[in-house]
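*Asks:* Before I ask anything, here is the structure I am working with.
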Ligand SMILES: NC(=O)c1ccc[n+]([C@@H]2O[C@H](COP(=O)([O-])OP(=O)(O)OC[C@H]3O[C@@H](n4cnc5c(N)ncnc54)[C@H](OP(=O)(O)O)[C@@H]3O)[C@@H](O)[C@H]2O)c1
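In my numbering, the protein residues as written are 5 to 261.
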């Protein structure tokens, strides 16, 4: 029988948290609220403290708020330090911080390089540095990692760097799964299709929405709460044998991968 989906259960019986980057908006916000609704504790991470505090106000006892830029070593250390200082174990990391880097300023190679580096920092380093900062705490209790990628990693993003930077997470997740598996932990990738209503898609036109809907088999867009439910399942008691997988909830927009 599966164990209850609670937030306690650290090696020493201390309360454990799930660290959610990008927890102030969009899919990260929905995931944090879904965790709290399931009785779990979450640590909300992002650069804008007001966004995190708005989420935390929904259930103050369920959240720790840490404003940090986790594309930097100092930011990632700040998160790990705050979790430890609060006396929390780490049951999981959801790396939802990410998005599209600003386009190259011009056609120069320097501008192209800066665009790609910005995308890599935003989508890869935010996940890598956060997980590495928390790795000792994760390994103490067989923690779970979920990395937010995108269908763009499976079929291209037409922007060059976005899909490519997300694809880097897939290969890394396989290595991470092997490493965390030694302590009973897991690592998986969730690669959503089109989920409007988040800051990622702020200002999207109806033409784009309809074109994306037409690419699905179920005739509709995705919802952040649906992605959050899948992430919560991967973090929960029934998913301990699911690891090193890329799961793409996309309404049938991309087939069989
Ligand atoms: N929505 C979709 O259709 C879709 C589809 C596929 C994949 N995804 C992926 O899903 C994830 C969540 O996207 P979303 O749609 O929920 O977009 P979103 O609302 O823009 O969320 C991105 C979050 O990342 C945080 N963030 C960005 N850089 C950060 C940094 N350096 N340090 C800490 N936090 C940082 C942002 O907060 P601050 O600005 O306050 O730091 C923001 O809360 C992203 O990785 C995105 O690429 C989204």
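In this text, a Cβ means the ideal position worked out from N, Cα and C, and glycines have one as well.
Taking the alpha-carbon positions, what's the residue 60 to residue 68 distance?
*Replies:* On the chain shown, residue 60 is found 56 positions in, with the first residue counted as 1. On the chain shown, residue 68 is found 64 positions in, with the first residue counted as 1. When rounded, the distance between both Cα atoms is 8 Å.
*Asks:* Let me check you understand the geometry: is the CB of residue 51 closer than 7 Å to at least one non-hydrogen atom of ligand 1?
*Replies:* To locate residue 51, count along the chain shown from 1; it is residue 47. It does: the Cβ of residue 51 is within 7 Å (strictly closer) of some heavy atom of ligand 1.
*Asks:* Please confirm whether residue 108 and residue 97 have their CB atoms less than 8 Å apart.
*Replies:* As a working mapping, residue 108 is identified with position 104 in the chain shown. As a working mapping, residue 97 is identified with position 93 in the chain shown. Pairing residue 108 with residue 97 gives a Cβ-Cβ distance that is not under 8 Å.
*Asks:* Can we say the segment 114-131 touches the segment 179-198, given the rule of at least three CB pairs closer than 8 Å?
*Replies:* no
*Asks:* Pick out whichever of 238, 55, 76, 239 has its Cα sitting closest to the Cα of residue 30.
*Replies:* To locate residue 30, count along the chain shown from 1; it is residue 26. Nearest option by C-alpha distance: 55.
*Asks:* Let's see if you can read the secondary structure: which residues bound the beta strand (DSSP E) around residue 195?
*Replies:* By one-based count along the chain shown, residue 195 stands at place 191. Going by DSSP, residue 195 is part of no beta strand (DSSP E) at all; its letter is neither H nor E.
*Asks:* Shortest alpha-carbon distance to residue 205 belongs to which of 62, 24, 102?
*Replies:* As a position in the chain shown, residue 205 is number 201, starting the count at 1. Ranking the options by Cα distance to residue 205, first place goes to 102.
*Asks:* Which value, in whole angstroms, describes the spacing of the CA atoms of residue 217 and residue 195?
*Replies:* Position 213 of the chain shown, counted from the start, is the residue given in the question as residue 217. Position 191 of the chain shown, counted from the start, is the residue given in the question as residue 195. Roughly 17 Å separates the two Cα atoms.
*Asks:* Between residue 101 and ligand 1, is there a pair consisting of the residue's CB and a ligand heavy atom that are separated by less than 7 Å?
*Replies:* Within the chain shown, numbered from 1, the residue matching residue 101 stands at position 97. Yes - ligand 1 has a heavy atom lying nearer than 7 Å to the Cβ of residue 101.
*Asks:* In terms of residues, what are the limits of the beta strand (DSSP E) holding residue 45?
*Replies:* Taking the chain shown and counting its residues from 1, the one referred to as residue 45 is at position 41. Residue 45 -> beta strand (DSSP E) spans 45-50.
*Asks:* Assuming residue 62 and residue 40 form a contact by the criterion Cβ under 8 Å, report the distance between their Cβ atoms to the nearest whole angstrom.
*Replies:* Stepping through the chain shown from its first residue, residue 62 is reached at position 58. Stepping through the chain shown from its first residue, residue 40 is reached at position 36. 7 Å between Cβ atoms; contact.
*Asks:* Going by Cα to Cα distance, which pick from 65, 72, 45, 42 is closest to residue 26?
*Replies:* Translated into the one-based positions of the chain shown, residue 26 becomes position 22. When each option's Cα is compared against that of residue 26, the closest is 72.
*Asks:* Is the beta carbon of residue 165 less than 8 Å from the beta carbon of residue 129?
*Replies:* For the purposes of this step, residue 165 is identified with residue 161 of the chain shown, where counting begins at 1. For the purposes of this step, residue 129 is identified with residue 125 of the chain shown, where counting begins at 1. Going by C-beta atoms, residue 165 is not nearer than 8 Å to residue 129.
*Asks:* Quick check: is any heavy atom of ligand 3 less than 7 Å from the C-beta of residue 48?
*Replies:* Among the ligands in the structure shown, ligand 3 does not appear; only ligand 1 can be found there.
*Asks:* Contact between the segment 217-230 and the segment 31-38: three or more CB pairs below 8 Å?
*Replies:* yes
*Asks:* Look up residue 95 in the DSSP assignment and say whether it is helix, strand or coil.
*Replies:* Here residue 95 corresponds to residue number 91 of the chain shown, with the count starting at 1. Three-state result, residue 95: strand.
*Asks:* Is the distance from the Cβ of residue 22 to the Cβ of residue 46 below 8 Å?
*Replies:* Within the chain shown, numbered from 1, the residue matching residue 22 stands at position 18. Within the chain shown, numbered from 1, the residue matching residue 46 stands at position 42. Yes. Within cutoff.
*Asks:* Flag residue 202 as yes when its Cβ comes closer than 7 Å to any non-hydrogen atom of ligand 1, and as no otherwise.
*Replies:* As a position in the chain shown, residue 202 is number 198, starting the count at 1. Yes.
*Asks:* Assign residue 114 to buried or exposed, taking buried as 16 or more other Cβ atoms, counted over all protein chains shown, within 10 Å of its Cβ.
*Replies:* Reading the chain shown from its first residue, position 110 is the one you call residue 114. Burial call: exposed.
*Asks:* Compare the beta carbon distance of residue 173 and residue 258 with 8 Å and say whether it is the shorter of the two.
*Replies:* Residue mapping note: residue 173 aligns to position 169 of the chain shown, counting from 1. Residue mapping note: residue 258 aligns to position 254 of the chain shown, counting from 1. With contacts defined by Cβ atoms closer than 8 Å, residue 173 and residue 258 do not form a contacting pair.
*Asks:* Tell me whether residue 127, by its Cβ, gets closer than 7 Å to a heavy atom of ligand 1.
*Replies:* Reading the chain shown from its first residue, position 123 is the one you call residue 127. Answer for residue 127: yes, Cβ within range of ligand 1.
*Asks:* Less than 7 Å between C-beta atoms, sequence neighbours within five positions excluded: which residues of the same chain meet that for residue 104?
*Replies:* On the chain shown, position 100 is the one that residue 104 refers to. Excluding positions up to five away in sequence, the list reads 163, 166.
*Asks:* Report buried or exposed for residue 260, applying the criterion of at least 16 other Cβ atoms within 10 angstroms of its Cβ.
*Replies:* The count along the chain shown starts at 1 and reaches residue 260 at position 256. Its Cβ having fewer than 16 others within 10 Å, residue 260 is exposed.
*Asks:* Taking only three categories from DSSP, how would you classify residue 23?
*Replies:* On the chain shown, position 19 is the one that residue 23 refers to. Three-state result, residue 23: strand.
*Asks:* Check whether the Cβ atoms of residue 244 and residue 197 lie closer than 8 Å to each other.
*Replies:* Your numbering for residue 244 matches position 240 in the chain shown. Your numbering for residue 197 matches position 193 in the chain shown. The answer is no: Cβ separation not under 8 Å.
*Asks:* Comparing the CB of residue 158 with every heavy atom of ligand 1, is any distance shorter than 7 Å?
*Replies:* The count along the chain shown starts at 1 and reaches residue 158 at position 154. No, ligand 1 has no heavy atom inside 7 Å of this Cβ.
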